[in-house]
Amino acid sequence: MKRNVIFRLFAVVLIALVAAAPVDAKRVKYVFYMIGDGMGINHVRGTEIFNRATGYGPAELNFSQFPYRTFITTHSASSLVTDSAAAGTALATGTKTNNNYLGVDAEKRPLSSIAMWAKASGYGAGVATCVGVNHATPGAFYANTESRSNYELIAEQLIASPLDFAAGGGFINQKSKTGHDSAYLENLATKAGITVLHGKGEFTDMASRKGRVICLGDNSLSETDLPYAVDHQPGQTKLVDFTNAAIDYLYGNYPKGFFLMVEGGSIDHAGHNDDPVTDFQETNDFAEAIDAVLAFYRRHAAETVIIVTADHETGGLMLGAGSYEMKPSLLAKQKYSENGLTARFRARFYKPAETVQGHTDGAPMAQALQSRQNTSWEAVKDFLKEELGMWDTVPVSESAEAAFKATYDKTFVRGENDDVVSLYATNTRIVSDAIDFVSKAAGYSWAHGSHTGSPVPLFAIGAGALDLMSCRDNTDIPKALAKLAGYKR
Ligand SMILES: [Zn+2]
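Structure follows, in structure tokens:
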């Protein structure tokens, strides 16, 4: 008995020594940098609570089980509350900058990112996201501009960059600025000799493809974000498809080693909408991409490091809505995002039917307002009952019902504009209010629809992962990863 205890103690000490041993930098060949945009600690825990109550995802997210965990600060050079451009720049280059600046320092001098350090050291490098391929987070790894809104310039910088692989829903472009659209940028990439692939059906033979590759979504010209996971239809391309394509391509071309950044970009968009179900299903979708990375990790564990973190927290999501209990199962009924529900609401009650094309574009309301049908309060109540469980699984008090009825009167009796405008969507007031109501009943509350200055979690596994626990601020991460992988900076 005593002998057994001594043996076990010896084994524990041995394991601890091996785990703490410094890693030979040359051994870390494969670096995976996973960024959940807007994914604060309550988004992670909130998703697990939601999953346990509904069965819509794993009770424990894969990355929350990683052996190494810490937290990092996210402030920018200009504010305690960062935006995605300054945070992306810090995570990519190790330098703080002002909000809205992308890949340049606070004096607007261009910075080099860890993806470029990997390339300069002879490794492959790629970025993937479920939002626009030239959105802030991926852009921070290849672009240098004082405004994240310079989408055309950022796309041109991607095309001119040495990045081997990039993936996203599509190229964002604001036609109003230059007269050029997303198709113009796709053509520009093709003319530069880059293979541009559309939808997972085209992501074939990735390992044997030569030359640079850009993978886009199924409808890249009209929807530059992939559809929200909660609105996903069978057969549509997902973040995990981009991730698998990236791994196959990079490993096929660079067996010596590669760097890959994967962003769960729409967690943030759902946070800006204060839409918990959509937020949690995006987090599950991000975890699905991490599953693909873990499958690679299991084959190359001694040479692979995976880091999962966030650029900032979005929405001020709270677990608890003022009482000492949560009822997360009340969220089970919601099967579409706030944007998706708005599209269904407009399709049912407004003539001509209005639909939302992709979750970055709000449908124009003027036409709908002029020709709104004679819709009864009972019909609207039925919609909220069917789609969200109100008056069914979710109790609605008389005073709460009176508030919804007042919104109905405004919208349908008086014909007032009912748009709710958030950063990435224009939705319908009564749907937005109903999602807030059900969320609170379930025990989730939001401070607002913007970013917060909360620290964010960092999870790590693999070769040298213990070394990453010294990171205290977002700027520490790329430096620590570069050191592990032996990148020349
Ligand atoms: Zn962000």
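Its first residue numbered 2, the sequence shown is counted upward by one per residue in the numbering used here. Even glycine gets a Cβ: it sits at the ideal position worked out from N, Cα and C.
Taken through DSSP and simplified to helix, strand or coil, D468 comes out as helix. In this structure, T138 has its beta carbon less than 7 Å from a heavy atom of ligand 1.
For the 8 Å CB-CB criterion, V306 and L467 do not form a contact. One alpha carbon belongs to C216, the other to P277, and they sit about 29 Å apart. Excluding five sequence positions before and after N254, the CB atoms of its chain that fall closer than 7 Å to its own CB belong to G125 and D165, given in chain order. A443 has its alpha-carbon roughly 51 Å from the corresponding atom of G123. Taking C-alpha positions only, R347 is separated from T71 by approximately 44 Å. Secondary structure in the region 48-82: the beta strand (DSSP E) runs of 3 residues or longer, each lying completely within the stretch, are 69-73 in chain order. DSSP places P277 inside the alpha helix (DSSP H), whose first and last residues are P277 to R300. Per DSSP, the unbroken beta strand (DSSP E) holding E264 starts and ends at F259 to G265.
As for any beta strand (DSSP E) of minimum length 3 sitting wholly inside the region 110-164, the runs are 125-130, ordered along the chain.
Of W447, D477, T343 and P458, the smallest CA-CA separation from T427 is found for T343. A distance of 8 Å or more separates the beta carbons of V132 and S223. Under the 10 Å beta carbon count, L261 is surrounded by 16 or more other beta carbons and is classified as buried.
Ranked by Cα distance from R213, the options A141, V128, L112 and M40 are led by V128. Secondary structure at T179: helix, using DSSP grouped into helix, strand and coil.
The beta carbon of R430 sits closer than 6 Å to those of T408, D419 and V421, all from its chain and outside the five residues before and after it, given in chain order. Judged by DSSP in its simplified three-state form, H449 adopts coil rather than helix or strand. For A247, the secondary structure class from DSSP, reduced to helix, strand or coil, is helix. Linking T284 to V231 through their CA atoms gives a straight-line distance of about 11 Å. When only Cα atoms are considered, A435 and K334 end up about 12 Å apart. A straight-line Cα-Cα distance of about 9 Å links K109 and N145. In the three-state DSSP reduction, L227 falls in the coil class, being neither helix nor strand. Annotation for D226 indicates a beta carbon at 7 Å or more from all heavy atoms of ligand 1. Per the coordinates, the alpha-carbon of F51 lies some 13 Å from the alpha-carbon of K441.
Boundaries of the alpha helix (DSSP H) harbouring P479: D477 to A486, taken from the DSSP string.
For A88, the uninterrupted alpha helix (DSSP H) segment begins and ends at S85 to T94. Nearest to A322 by alpha-carbon distance, out of A119, D437, K336 and A288, is D437. Nearest Cα to G258 within the set I36, A119 and S79: A119. The beta-carbon distance between I73 and T310, rounded to whole angstroms, is 7 Å. This is short enough to meet the 8 Å contact definition. In this structure, G316 has its CB at a distance of at least 7 Å from all heavy atoms of ligand 1. Between V381 and the set S398, A401 and F405, the nearest pair of CA atoms involves F405. In chain order, L331, V439 and A442 place their CB closer than 6 Å to the CB of V395, counting only its own chain and leaving out the 5 sequence neighbours on each side.
By the neighbour-count criterion, in which 16 or more other beta carbons inside 10 Å mark a residue as buried, M207 falls on the buried side.
In this structure, A126 has its beta carbon at no less than 7 Å from each heavy atom of ligand 1. At least 8 Å separates the beta-carbon of T279 from that of Y325.
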